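Participant: Position one of the sequence shown corresponds to residue 628 (the numbering used here), numbered consecutively onward. Below you'll find the structure I mean.
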Amino acid sequence: MVQERINEFAKYIEKKGLKTTQQRNDIIRTFLKSGGHLSVDDLHQKVKKVNPRVGYATVYRTLKLLSESGVAVERHFDDGHTRYEHLEPEEHHDHLICIKCGDIIEFEDKNIESLQEKVAKKHGFRVVTHNLEMYGYCKKCNGNT
Ligand SMILES: [Zn+2]
Ligand SMILES: [Zn+2]
Ligand SMILES: [Zn+2]
């Protein structure tokens, strides 16, 4: 699975006339192995354990390429940090974001999804992609605010 995505990405950067490098591979492998929503800094910390020579800028550029190629999705949550996550081609989910501890909870609800479609249709709108984010307090933080 991981290898499949790596090959897909290798093809993409080849088309762009870029070279696959060991550093880039270490970054991608680490990214694909760690789930969740990672900032450039998060991923940089993880990659450094595998390959200490990888710099922040390389991680940044590789994540940009990964999201251009569709392997990663770039998320801009209201806390100002750009985060990246990887999704399977047909996978979709939305997010609940805790404004106290920063926890991000993923969910998918068929009813919400179809309601959105309905709203769009009413306006003659064809949806290509969407982002649903709800901000508030997670179970842990709720009550001790
Ligand atoms: Zn959704
Ligand atoms: Zn919380
Ligand atoms: Zn997510």
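Using N, Cα and C, we set each Cβ at its ideal position, and we do this for glycine too. Owing to the predicted nature of the structure, the values given are computational and were not obtained by experimental measurement.
Considering only their Cβ atoms, is the gap separating Glu760 from Ile598 smaller than 8 Å?
Facilitator: Beyond the ends of the chain as shown, which are 628 and 772, falls residue 598; an answer cannot be given.
Participant: Can you tell me the Cβ-Cβ gap for Leu693 and Phe636, rounded? I've got them flagged as a contact below 8 Å.
Facilitator: Residue numbering aside, residue 693 sits at position 66 when the sequence shown is read from its first letter. Residue numbering aside, residue 636 sits at position 9 when the sequence shown is read from its first letter. Between Phe636 and Leu693 the Cβ distance is about 7 Å, and since that is below 8 Å, they are a contact.
Participant: Please say whether Tyr687 and Glu701 have beta carbons closer to each other than 8 Å?
Facilitator: In the sequence shown, the residue the question calls residue 701 occupies position 74. In the sequence shown, the residue the question calls residue 687 occupies position 60. Their beta carbons are not under 8 Å apart, which means Glu701 does not touch Tyr687 by this criterion.
Participant: Out of Lys676, Val629 and Lys643, which has the shortest C-alpha to C-alpha gap to Gln650?
Facilitator: Sequence index remark: in the sequence shown, residue 650 carries index 23 (1-based). Among Lys676, Val629 and Lys643, the Cα nearest to that of Gln650 belongs to Lys676.
Participant: Could you work out which residue in Ile731, His664 and Thr689 is closest to Lys766 when comparing CA atoms only?
Facilitator: Numbered from its first residue, the sequence shown carries residue 766 at position 139. When only C-alpha atoms are compared, the closest one is Ile731.
Participant: Could you check if Asp653 is buried or exposed, using at least 16 other CB atoms within 10 Å of its CB as the buried criterion?
Facilitator: The residue you call residue 653 lines up with position 26 of the sequence shown. Label assigned to Asp653: buried.
Participant: With a CB to CB cut of under 7 Å and the five nearest residues on each side skipped, what residues in its chain are close to Val681?
Facilitator: Translated into positions along the sequence shown, residue 681 becomes position 54. Excluding sequence neighbours, Val681 sits near Gln650, Asp653, Ile654, Val674 and Lys675.
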